[in-house]
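Participant: Numbering (my numbering), first residue to last: 573 to 968. A virtual CB, placed ideally from N, CA and C, is assigned to each residue, including glycine.
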């Protein structure tokens with residue numbers, strides 16, 4: 573309740589004319605939930621809720637390893653979120669925060685000042701604008717879940733500040749840029765562990781003039797839009813990976829929470845880069861990411877290089893075949909990951925197929941998925957798993 577009260581106060585904040593509440597305006601329900609706006613449009617408050625239910629067999633998440641485990645059928649409330657956003661005083665002054673009920677964590681809290689399309693500033697905590705797959709909301713994904721390479725390569729949510737903007741809107745030289753500095757310790761990490769911040773830069777070229785948005789599936793049957801991106805990150809910390817839980821460690825690396833041999837401050841210098849492509853046109857949606865990550869262990873004097881890639885495409889076949897319902901989309905993804913260990917035969921592979929039925933766009937959809945996982949554990953040791961899942965994602 574305190575969070576809701578804070579959002580209400582912020583949206584009705586003091587205007588330039590003095591103290592007092594802005595005049596009441598309209599109340600609507602739109603693509604971002606309930607929307608409260610003042611008569612003059614200077615203040616906007618959006619409140620949205622979302623729930624995600626999932627049935628899985630024989631497991632839910634991609635395994636970190638293929639140690640023998642019994643097959644299990646699970647039915648879970650995967651996500652239950654409260655989202656609050658809008659603008660205050662001026663349309664260029666935007667705020668947003670997001671709360672997750674199962675974990676009782678504030679996931680996002682940020683303020684964005686977009687003075688011009690070509691120049692803005694964001695401060696707070698949010699998903700660092702590094703990889704498309706991670707930035708796209710779990711409620712707006714084309715596939716049921718993110719690929720197996722998300723875990724080792726995402727930098728997830730971070731706290732800090734970023735310059736951002738878009739140049740050449742509508743032209744062949746249209747470019748989006750992000751230049752960010754973070755504490756580099758993940759969600760909830762308001763304090764850097766040493767004097768080395770995390771730095772990120774992302775450059776996205778939109779050669780057709782329009783960018784492919786950060787949303788899965790081409791629900792709007794868009795005109796062609798293409799985005800080609802390069803991005804890089806550098807950080808020094810006790811972490812080799814990040815997730816919604818904050819900083820953590822990849823398999824085979826020291827963990828900060830290990831009682832015997834914990835990771836220490838600044839132990840890992842991590843440098844990573846990626847190339848990304850995304851394209852949408854008339855019901856077809858494509859996205860791809862190629863990753864490189866170098867982990868320099870300053871304590872063990874060892875360097876590990878990780879690589880990975882995924883390819884993903886989906887299509888509304890109603891654009892070609894009249895008998896196919898327009899609400900139905902099919903999509904496929906292939907991913908591979910090399911964890912960089914000494915064994916040559918230690919790659920991991922994923923092949924996933926989904927069918928999406930959109931009752932009301934991404935705000936109410938049903939997804940059926942099947943995934944094949946192949947982990948090469950050594951020269952003569954391969955573990956495989958088929959997984960089937962059914963998911964309902966609904967926003968109210």
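1. Cβ of residue 658 versus every heavy atom of the ligand MN: is any distance shorter than 6 Å?
2. Using a 10 Å radius around the Cβ and a threshold of 16 neighbouring Cβ atoms, would you call residue 877 buried or exposed?
3. Could you give the distance in angstroms between the alpha-carbon of residue 693 and the alpha-carbon of residue 754?
4. Between the C-alpha atoms of residue 724 and residue 813, what's the straight-line distance to the nearest angstrom?
5. Candidates 949, 743 and 968: which alpha carbon is nearest residue 913's?
6. Among 906, 929, 851 and 621, which one has its Cα closest to the Cα of residue 898?
7. Who pairs with residue 851 in a beta bridge, going by DSSP?
8. Taking the Cβ atom as the reference point for each residue, do residue 836 and residue 867 lie within a distance shorter than 7 Å?
9. Using beta-carbon positions only, say whether residue 864 and residue 875 come within less than 7 Å of one another.
10. What does DSSP give as the partner residues of residue 649 in its beta bridges?
11. Does the beta-carbon of residue 926 have 16 or more other beta-carbons within 10 angstroms, so that it is buried, or is it exposed?
12. In this structure, how does DSSP classify residue 579 when only helix, strand and coil are distinguished?
13. Check whether the segment 726 to 736 and the segment 755 to 775 are in contact - that is, three or more C-beta pairs closer than 8 Å.
14. On a Cα-Cα basis, can you pick out the residue from 606, 745 and 886 that is closest to residue 791?
15. How many Å lie between residue 708 and residue 959 at the Cα?
16. Which of the three DSSP states, helix, strand or coil, is assigned to residue 967?
17. So, helix, strand or coil for residue 817, using DSSP?
18. Curious, which full-length beta strand (DSSP E) runs of at least 3 residues does the segment 642 to 726 contain?
19. Over what stretch of residues does the beta strand (DSSP E) that includes residue 903 continue unbroken?
20. Per DSSP, which residues does residue 922 bridge with? Please list them.
21. Using the beta-carbon count (16 or more within 10 Å), is residue 846 buried or exposed?
22. Candidates 942, 891 and 919: which alpha carbon is nearest residue 905's?
23. Can you list, in chain order, the residues of its chain whose CB lies under 7 Å from that of residue 664, leaving out five sequence neighbours each side?
24. Please state the DSSP three-state secondary structure of residue 891.
25. State whether the segment 791 to 805 contacts the segment 766 to 779, with contact taken as three or more CB pairs (one from each stretch) at a distance under 8 Å.
26. Which of the three DSSP states, helix, strand or coil, is assigned to residue 927?
27. With contact counted as at least three CB pairs below 8 Å, one residue from each stretch, are the segment 671 to 679 and the segment 643 to 654 in contact?
28. Please classify residue 644 as buried or exposed, where buried requires at least 16 other C-beta atoms within 10 Å of its C-beta.
29. Taking all protein chains shown into account, do 16 or more other C-beta atoms lie within 10 angstroms of the C-beta of residue 858, making it buried, or fewer, making it exposed?
30. Figure out for me which residue from 716, 735 and 844 has the closest Cα to the Cα of residue 961.
31. Suppose you measure from the CA of residue 957 to the CA of residue 710; what does that come to, to the nearest Å?
32. Comparing C-alpha positions only, which one of 661, 750, 701 and 765 sits nearest to residue 690?
33. Is residue 832 helix, strand or coil when you go by DSSP?
34. Thinking C-beta only, is residue 896 closer than 7 Å to residue 889?
35. How would you call residue 743, buried or exposed, if buried means at least 16 neighbouring beta carbons within 10 angstroms?
Facilitator: According to the structure shown:
1. Looking for the ligand MN in the displayed structure turns up nothing, as the structure carries no ligands at all.
2. In the chain shown, the residue the question calls residue 877 occupies position 305. Its Cβ having fewer than 16 others within 10 Å, residue 877 is exposed.
3. Along the chain shown, read from residue 1 onward, the residue named residue 693 stands at position 121. Along the chain shown, read from residue 1 onward, the residue named residue 754 stands at position 182. Distance between the alpha carbons of residue 693 and residue 754: 13 Å.
4. The residue you call residue 724 lines up with position 152 of the chain shown. The residue you call residue 813 lines up with position 241 of the chain shown. Looking at the two C-alpha atoms, the distance is approximately 6 Å.
5. In the chain shown, residue 913 corresponds to position 341, counting from 1. For the residues 949, 743 and 968, the minimum Cα distance to residue 913 belongs to 949.
6. Here residue 898 corresponds to residue number 326 of the chain shown, with the count starting at 1. It is 929.
7. Walking along the chain shown from the start, residue 851 turns up at place 279. In the DSSP output, where bridge partners are listed per residue, residue 851 has 798 and 858.
8. Translated into the one-based positions of the chain shown, residue 836 becomes position 264. Translated into the one-based positions of the chain shown, residue 867 becomes position 295. Going by C-beta atoms, residue 836 is not nearer than 7 Å to residue 867.
9. Working through the chain shown from its first residue, we reach residue 864 at position 292. Working through the chain shown from its first residue, we reach residue 875 at position 303. Pairing residue 864 with residue 875 gives a Cβ-Cβ distance that is not under 7 Å.
10. Within the chain shown, the letter at position 77 stands for residue 649. Beta-bridge partners assigned by DSSP to residue 649: 625.
11. The count along the chain shown starts at 1 and reaches residue 926 at position 354. With 16 or more other Cβ atoms within 10 Å, it is buried.
12. For the purposes of this step, residue 579 is taken as the residue at position 7 of the chain shown. Note that residue 579 scores 48 on pLDDT, short of 50, meaning its location in the model is unreliable and no value can be drawn from it.
13. A contact exists between the segment 726 to 736 and the segment 755 to 775.
14. Within the chain shown, residue 791 is the residue found at index 219, counting from 1. It is 886.
15. Translated into positions along the chain shown, residue 708 becomes position 136. Translated into positions along the chain shown, residue 959 becomes position 387. If you take the alpha carbons of residue 708 and residue 959, they lie about 23 Å apart.
16. Residue numbering aside, residue 967 sits at position 395 when the chain shown is read from its first letter. Residue 967 falls in the strand class under three-state DSSP.
17. The residue labelled residue 817 in the question sits at position 245 within the chain shown. Here residue 817 sits in coil by DSSP.
18. List check, beta strand (DSSP E) in window: 646 to 660, 662 to 672, 677 to 688 and 691 to 699.
19. Counting from one through the chain shown, the residue named residue 903 turns up at place 331. 900 to 910 is the span of the beta strand (DSSP E), which, as asked, contains residue 903.
20. In the chain shown, counting from the first residue as 1, residue 922 sits at position 350. Residue pairing by DSSP puts residue 922 in a beta bridge opposite 907 and 945.
21. Along the chain shown, read from residue 1 onward, the residue named residue 846 stands at position 274. Answer is buried; the Cβ neighbour count reaches 16.
22. In the chain shown, counting from the first residue as 1, residue 905 sits at position 333. When each option's Cα is compared against that of residue 905, the closest is 942.
23. The count along the chain shown starts at 1 and reaches residue 664 at position 92. The beta carbon of residue 664 sits closer than 7 Å to the beta carbons of 685, 686 and 687 from its chain, once the five residues preceding and following it are set aside; these are given in chain order.
24. Numbered from 1 along the chain shown, position 319 holds the residue referred to as residue 891. Reduced to three states, the DSSP call for residue 891 is helix.
25. As far as the Cβ criterion goes, the segment 791 to 805 touches the segment 766 to 779, which means the pair count is three or higher.
26. Reading the chain shown from its first residue, position 355 is the one you call residue 927. In the structure shown, the three-state DSSP call for residue 927 is strand.
27. By the criterion of at least three beta-carbon pairs nearer than 8 Å, the segment 671 to 679 is in contact with the segment 643 to 654.
28. Here the question's residue 644 lines up with position 72 in the chain shown. Answer is exposed; the Cβ neighbour count stays below 16.
29. Position 286 of the chain shown holds residue 858. Within a 10 Å sphere around the beta-carbon of residue 858 sit 16 or more other beta-carbons, which makes this residue buried.
30. Walking along the chain shown from the start, residue 961 turns up at place 389. That would be 716, whose Cα lies nearest to the Cα of residue 961.
31. Taking the chain shown and counting its residues from 1, one reaches residue 957 at position 385. Taking the chain shown and counting its residues from 1, one reaches residue 710 at position 138. Those two C-alpha atoms are separated by around 23 Å.
32. Start at 1 with the first residue of the chain shown, and residue 690 comes out as number 118. When only C-alpha atoms are compared, the closest one is 750.
33. By 1-based counting over the chain shown, the position of residue 832 is 260. The DSSP-derived three-state label of residue 832 is coil.
34. Taking the first residue of the chain shown as 1, we reach residue 889 at position 317. Taking the first residue of the chain shown as 1, we reach residue 896 at position 324. In this structure, residue 889 sits near residue 896, with a CB-CB distance shorter than 7 Å.
35. Stepping through the chain shown from its first residue, residue 743 is reached at position 171. Residue 743 comes out exposed.
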